[in-house]
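*Asks:* Okay, here's the structure, questions in a sec.
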Amino acid sequence: MAIKTVIFDLDDTLLWDKKSIADAFAKTCVQAAQKYPQIDGAKLEDYVRSAARTLYEGYETYDYTVQIGINPFEGLWGHFDDPTEDFQKMKAIVPTYRRDAWTAGLKEYGIDDKDFGHELGEKFVENRIASPCVYDETYAVLDSLKEDYQLILLTNGAPSLQNKKLEITPELVPYFDKIIISGDFGIGKPDASIFEYVLTFSEGNAEECIMVGDNLMTDILGSSRVNMRNVWINREDKAPNDVVVPTYEIDTLTKLKPLIDSL
């Protein structure tokens, strides 16, 4: 059956979020080394990433962040100005979380400087906002699709955070007839209910829609649960998963339009 609607994931599908985070870490670690020259930036990044993961998993909000789809490094720069009780809990936690993650990284060098840890945490927020990265092919691919297909954006995350990403890459928004954020809906991919919700806005039924995303365990698994075809964008040559098998696999978005046109 021909495709009417193309549903896109956002992070690491259209936006290169991993690079944005890496760039923000690199800038912040350079700033740290300006005060403490003994710091090796790459090692400090590893230390802070490790501390952030451990801290993040220990907060009462952790299960909720898994449900909505918010990773530890998004927690390091998001402010979570969202109205729900769980997001308000996150809003209260994240300033201390940022400070403690960076302070723990400094302590690996024998540096006990909580004030500077706080400063680095705030610099990381500034550096991430200043580091939006979009894949080179993103806009050309969206341009090639927009006249022939309805486009919907389906992204996991906090509304405040995902909207900030869209605010700093404003060219993306006009391409989409509908933008759906898991934090607004209440549960994220791969839960079938959010895909069923998307279908209420689509021009076609599940067989006439196709999901495009980089994550097997959210984008591909979730869309398969409502019998929707999907395209796994596997830029990093990841190994296949025996449990979650995409309908189609491509290694660059430039291959998407010919694939969809052929269906």
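Residues in the sequence shown are numbered from 147 upward in steps of one, following the numbering used here. Glycine included, each C-beta is placed from N, C-alpha and C at the ideal position. Treat the numbers as computed from the prediction; the structure is a model and nothing was measured.
(1) By DSSP, does residue 193 sit in helix, in strand, or in coil?
(2) Sort 370, 200, 296 and 171 by Cα distance to residue 341 and report the nearest one.
(3) Return the Cβ separation of residue 219 and residue 167 in integer angstroms, given the expectation that the two are a contact with Cβ distance under 8 Å.
(4) Which same chain residues end up closer than 8 Å to residue 268 when comparing Cβ atoms and leaving out the 5 residues on each side of it in sequence?
(5) Measuring alpha carbon to alpha carbon, tell me which residue in 173, 367, 336 and 202 is nearest residue 240.
(6) Please go through the region 194 to 219 and give each complete alpha helix (DSSP H) segment of 4 or more residues, from N-terminal end onward.
(7) Could you spell out the range, first to last residue, of the alpha helix (DSSP H) harbouring residue 236?
(8) Under a three-way DSSP split, which group does residue 324 fall into?
(9) Which residues share a DSSP beta bridge with residue 154?
(10) Is the beta carbon of residue 248 closer than 8 Å to that of residue 224?
(11) By a C-beta neighbour count over all protein chains shown, 10 Å radius and 16 as the cutoff for buried, is residue 303 buried or exposed?
(12) Taking the alpha carbon of residue 281 as the reference point, which residue from 407, 400 and 406 has its own alpha carbon closest?
(13) Using 8 Å as the Cβ pair cut-off and three pairs as the minimum, do the region 289 to 302 and the region 325 to 338 touch?
(14) Would you grab the beta carbon distance between residue 214 and residue 328 for me? Rounded to a whole angstrom, and I think it's under 8 Å.
(15) Quickly, what does DSSP pair residue 161 with across the bridge? List them, please.
(16) Alpha carbons only, please: which of 383, 359 and 368 is nearest the one belonging to residue 377?
(17) Any idea if residue 398 is buried or exposed, counting beta-carbon neighbours within 10 angstroms, 16 or more meaning buried?
(18) Does residue 371 come out as helix, strand or coil in the three-state DSSP assignment?
(19) Just reading off the alpha helix (DSSP H) that residue 343 is part of, what are its end residues?
(20) Quick check on DSSP: helix, strand or coil for residue 379?
(21) Pull up the CB-CB distance for residue 256 and residue 194, whole angstroms please, since I reckon it's below 8 Å.
(22) Using 10 angstroms around the beta-carbon of residue 204, count the other beta-carbons present and answer buried if the total reaches 16, otherwise exposed.
(23) What is the DSSP secondary structure of residue 395, counted as helix, strand or coil?
(24) With a threshold of 16 other CB atoms inside 10 Å of the CB of residue 176, please say whether the residue is buried or exposed.
(25) Can you give me the start and stop residues for the alpha helix (DSSP H) that residue 260 sits inside?
(26) For residue 210, which residues in the same chain have their Cβ closer than 6 Å to its Cβ, ignoring the five residues on either side in sequence?
*Replies:* To lay it out plainly:
(1) Translated into positions along the sequence shown, residue 193 becomes position 47. Three-state DSSP puts residue 193 in a helix.
(2) Position 195 of the sequence shown, counting from 1, holds the residue named residue 341. It is 370 whose Cα lies nearest to the Cα of residue 341.
(3) Translated into positions along the sequence shown, residue 219 becomes position 73. Translated into positions along the sequence shown, residue 167 becomes position 21. Yes, they are in contact, since the Cβ atoms of residue 219 and residue 167 sit about 5 Å apart, within 8 Å.
(4) Here residue 268 corresponds to residue number 122 of the sequence shown, with the count starting at 1. Counting only Cβ-Cβ distances below 8 Å, and skipping sequence neighbours, we find 244.
(5) Locating residue 240 in the sequence shown gives position 94, where the first residue counts as 1. Nearest C-alpha to residue 240: 202.
(6) Counting only runs that start and end inside the region 194 to 219, the alpha helix (DSSP H) elements of at least 4 residues fall at 208 to 214.
(7) For this step, residue 236 is matched to residue 90 along the sequence shown. If you look at residue 236, you'll find it in the alpha helix (DSSP H) that goes 231 to 253.
(8) To locate residue 324, count along the sequence shown from 1; it is residue 178. In the structure shown, the three-state DSSP call for residue 324 is strand.
(9) The count along the sequence shown starts at 1 and reaches residue 154 at position 8. 299 and 358, per the DSSP bridge assignment.
(10) Here residue 224 is taken as the residue at index 78 of the sequence shown, counted from 1. Here residue 248 is taken as the residue at index 102 of the sequence shown, counted from 1. For residue 224 and residue 248, no; Cβs fall outside 8 Å.
(11) Residue mapping note: residue 303 aligns to position 157 of the sequence shown, counting from 1. Buried is the call here.
(12) In the sequence shown, residue 281 corresponds to position 135, counting from 1. Nearest Cα to residue 281 within the set 407, 400 and 406: 400.
(13) In short, these stretches touch, since the Cβ pair count reaches three.
(14) Translated into positions along the sequence shown, residue 214 becomes position 68. Translated into positions along the sequence shown, residue 328 becomes position 182. Yes, residue 214 and residue 328 are in contact; Cβ-Cβ is about 5 Å, under 8 Å.
(15) Counted from its first residue, the sequence shown places residue 161 at position 15. BP columns for residue 161 point to 157 and 280.
(16) Counted from its first residue, the sequence shown places residue 377 at position 231. Comparing Cα positions, the closest option is 359.
(17) Looking up residue 398 in the sequence shown gives position 252. Residue 398 is exposed by the Cβ-count criterion.
(18) In the sequence shown, counting from the first residue as 1, residue 371 sits at position 225. Here residue 371 carries a coil assignment [DSSP, helix/strand/coil].
(19) On the sequence shown, position 197 is the one that residue 343 refers to. Counting along the chain, the alpha helix (DSSP H) containing residue 343 begins and ends at 338 to 345.
(20) For the purposes of this step, residue 379 is taken as residue 233 along the sequence shown, with counting starting at 1. Looking at residue 379 - three-state DSSP - the assignment turns out to be strand.
(21) Here residue 256 corresponds to residue number 110 of the sequence shown, with the count starting at 1. Here residue 194 corresponds to residue number 48 of the sequence shown, with the count starting at 1. With 8 Å as the limit, residue 256 and residue 194 do not qualify as a contact, their Cβ atoms being about 16 Å apart.
(22) For the purposes of this step, residue 204 is taken as residue 58 along the sequence shown, with counting starting at 1. Classification for residue 204: exposed.
(23) The residue labelled residue 395 in the question sits at position 249 within the sequence shown. Residue state, collapsed to three classes: strand.
(24) As a first step, residue 176 must be located in the sequence shown, where it is residue number 30. When all chains shown are included, residue 176 counts as exposed.
(25) To locate residue 260, count along the sequence shown from 1; it is residue 114. Residue 260 -> alpha helix (DSSP H) spans 260 to 275.
(26) Numbered from 1 along the sequence shown, position 64 holds the residue referred to as residue 210. Closer than 6 Å at the Cβ level, and outside the excluded window around residue 210, lie 232.
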